[in-house]
Amino acid sequence: DVKVTQSSRYLVKRTGEKVFLECVQDMDHENMFWYRQDPGLGLRLIYFSYDVKMKEKGDIPEGYSVSREKKERFSLILESASTNQTSMYLCASNIGQAILQVSPLHFGNGTRLTVT
Amino acid sequence: AQSVTQLGSHVSVSEGALVLLRCNYSSSVPPYLFWYVQYPNQGLQLLLKYTSAATLVKGINGFEAEFKKSETSFHLTKPSAHMSDAAEYFCAVTLGEGYSTLTFGKGTMLLVSP
């Protein structure tokens, strides 16, 4: 069974701090994604990666960056956290590009980040 | 470009009643469509997907959805609601080409009363 693990379930950070959200998947998936989920807005794609050291901007990349040094790990970085980045962050992965369209996303349980 | 509209942020049904969650999509090419479910304090999990084969798609837990091109719809149904179906449901669309990613709707919270 595919497992996507997010390192923290809850995080509380102060405005201006640098924040790292970590995600690890154990199924050798090529693609990994970071979404944020807000009430009434659904899921919005921040960044995704289709290979090691590759990254693509999603719909709302401003204020975020990512790192993928190893295939199984995809990190989301908030360079200087702000209160409007308080949200639920979901990591997901799926199989490579050839069947990107039909391969289901496997999600982690999320990290609820509060920036004060 | 693609987009998804889910009608109704909340839907309430009684246990045993029909569940109908509405999803309409917009896509410049034939789309692939998905329904995901999110139980409290969990990530999303796939319920079912449409990938241009049969228009009536059956998923897990007794759910099914019908792709109707003329109506640009992909509504989710279940004949008889169970208390355990209470969750948030997301419709999602992808163009199905290149590095097209999933675009999610805003979600519909299903409430089931005894």
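Order-wise, the sequence lines are chains A and B. Note that my numbering has the first sequence beginning at 6, numbered continuously upward. Note that my numbering has the second sequence beginning at 1197, numbered continuously upward. In this text, a Cβ means the ideal position worked out from N, Cα and C, and glycines have one as well.
- Cβ proximity to chain A below 9 Å picks out N1237, Q1238, G1239, L1240, Q1241, L1242, K1245 and T1247 from the segment 1236–1248 of chain B.
- Against chain B, the CB of G101 of chain A has no partner CB under 8 Å away; the residue lies outside that interface.
- Comparing alpha carbon positions, the residue from B:Q1202, B:L1243, B:A1197 and B:F1230 closest to D1281 of chain B is B:L1243.
- Here N89 of chain A carries a helix assignment [DSSP, helix/strand/coil].
- Inclusion of T1268 of chain B and S1205 of chain B in the CB contact set at 8 Å is not warranted, their separation being larger than that value.
- Remark: C-beta atoms of Q42 of chain A and L95 of chain A approach each other more closely than 8 Å.
- Of all C-beta pairs linking the segment 80–87 of chain A to the segment 6–24 of chain A, three or more are shorter than 8 Å, placing the two stretches in contact.
- Of the candidates B:E1211, B:K1264, B:N1237 and B:F1230, B:E1211 places its Cα closest to the Cα of V1308 of chain B.
- Listed in chain order, the beta strand (DSSP E) elements of length 3 or more contained wholly in the segment 1200–1240 of chain B are 1206–1210, 1215–1223 and 1228–1234.
- Among the residues facing chain B, F53 of chain A is included, as its CB has a counterpart in that chain under 8 Å away.
- In its chain, beyond the 5 residues on either side, R117 have a beta carbon closer than 7 Å to the beta carbon of Y15 of chain A.
- In the DSSP assignment, G21 of chain A falls outside any beta strand (DSSP E), carrying neither H nor E.
- Contacts with chain A at 8 Å (Cβ-Cβ) do not include S1280 of chain B.
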